[in-house]
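Each residue of the sequence shown is one higher than the one before, counting from 61 in the numbering used here.
Heads up: the structure comes next, in C-alpha cells.
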Amino acid sequence: MDASQMRSALKLLDNKIKKPAKLLLGGGGAMVLAYDFPLATLDMDALFFQSEIKEADVADEIQEVALELNLPRDWLNPYFSTFLFSLPQDYSTRLVETFKGKHLIVYALGLTDLLILKCYAGREKDIGHARALIKKGADTNLTKKHIQNLLEKRIPKSQEALDFLFDLLDELEM
C-alpha cells in the first residue's frame, strides 16, 4: 500500500463506520502518512484507541474495504501492539494526526516512538526503516535513555533493542 491507497482505504472505512473512532498508527503506514517516507507496505499497523469502537466492532467494515479496494484481508491489523509495552508513557504528546474523516481520526506515532518500536522488533527489514527514522530526526538520545531504563527494569528484549540501536548508530557514525 502506498500513501494514496492508505488514504483511500481510511476514507472508505470512515464512510462505513457509524461511531467516532480513533486509530493509532505505527510501522510503515505511520512512516508513509505522517512523514512522507517513499515506501510501500503490505498493511497498516493500527489499533483502535481512546474510543468506544474496537476492531471487532468494525471487522465486517474492515473486510468490506479490503474487498472493495482489492487489499489483503489484514490490510488493517493490530500486530504492532505486541511492542506497545516499549513506548514511553508520554508517547501521546508526539502523535501526528494523519487522517480526519466524519467519524475516524488517525494518529501516527512520533518519529522517536517509531524508532523505539523498530529497535524492539529488531528484524532485518527494520534496519532500513530505523536508519531512515534517524535521518529524519528521531531523537536517538531519548531512544537510548528509554531503552536503557527498560533494560534496568528487566523488560524482555531490551538488551537486543539496545544492541540494534547501537549497531545503527555505529553504522551512521553517530
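For every residue, glycine included, the Cβ atom is placed at its ideal position computed from N, Cα and C.
Note that the coordinates shown come from a computational prediction; the quantities given were computed from them, not determined experimentally.
Cβ neighbours of residue i in the same chain (closer than 8 Å, five flanking residues each side left out)
i, result
"alanine 18", "Nothing about residue 18 can be reported from this structure: the residues present for the chain run from 61 to 234 only."
"arginine 191", "Leu228, Glu231 and Leu232"
Cα-Cα separation between residue i and residue j, rounded to whole angstroms
i, j, result
"serine 68", "leucine 164", "13 Å"
"alanine 126", "aspartate 223", "38 Å"
"methionine 61", "isoleucine 77", "21 Å"
"leucine 228", "alanine 100", "22 Å"
"asparagine 130", "lysine 205", "42 Å"
"aspartate 117", "glutamate 128", "19 Å"
"glycine 89", "aspartate 74", "17 Å"
"lysine 114", "glutamate 233", "43 Å"
"glutamate 212", "tyrosine 151", "20 Å"
"glutamate 184", "glutamate 121", "33 Å"
"arginine 154", "glycine 170", "5 Å"
"leucine 84", "leucine 136", "11 Å"
"alanine 81", "asparagine 201", "33 Å"
"glutamine 65", "glutamate 124", "15 Å"
"leucine 72", "lysine 195", "33 Å"
"glutamine 149", "valine 166", "19 Å"
"aspartate 134", "glutamine 208", "34 Å"
"leucine 193", "phenylalanine 109", "24 Å"
"aspartate 186", "proline 216", "19 Å"
Same chain, Cβ closer than 6 Å to residue i, neighbours up to 5 away in sequence not counted
i, result
"aspartate 199", "Thr172"
"cysteine 179", "Ala221, Phe224 and Leu225"
"leucine 106", "Residue identity check: residue 106 is alanine in the sequence provided, not leucine. Cβ neighbours of alanine 106 beyond the five flanking positions: Leu83, Leu85 and Leu136."
"proline 98", "none"
"phenylalanine 44", "Any answer about residue 44 is impossible in this case: the structure gives the chain only from 61 up to 234."
Classification of residue i by the beta-carbon crowding that lies within 10 angstroms, buried from 16 upward
i, result
"threonine 203", "buried"
"aspartate 103", "buried"
"lysine 22", "This structure leaves residue 22 out entirely; the chain is present only between 61 and 234."
"glycine 87", "buried"
"alanine 168", "buried"
Those residues which DSSP pairs with residue i across a bridge
i, result
"alanine 63", "For alanine 63, which the question treats as bridged, DSSP gives no partner whatsoever."
"alanine 81", "Leu164"
Residues near residue i by beta carbon distance below 7 Å, same chain, minus five either side
i, result
"leucine 210", "Ser146 and Ser218"
"lysine 79", "Glu112, Ile113 and His163"
"alanine 181", "Phe143"
"leucine 175", "Ala190, Leu193, Ile194, Ala198 and Thr203"
Note down, one range per segment and in chain order, each alpha helix (DSSP H) of at least 4 residues found wholly within the region 145-233. 171-181, 186-196, 200-212 and 218-231
At which residue ranges does the region 83-150 contain complete alpha helix (DSSP H) runs of 4 or more residues, listed in the order of the chain? 87-95 and 119-129
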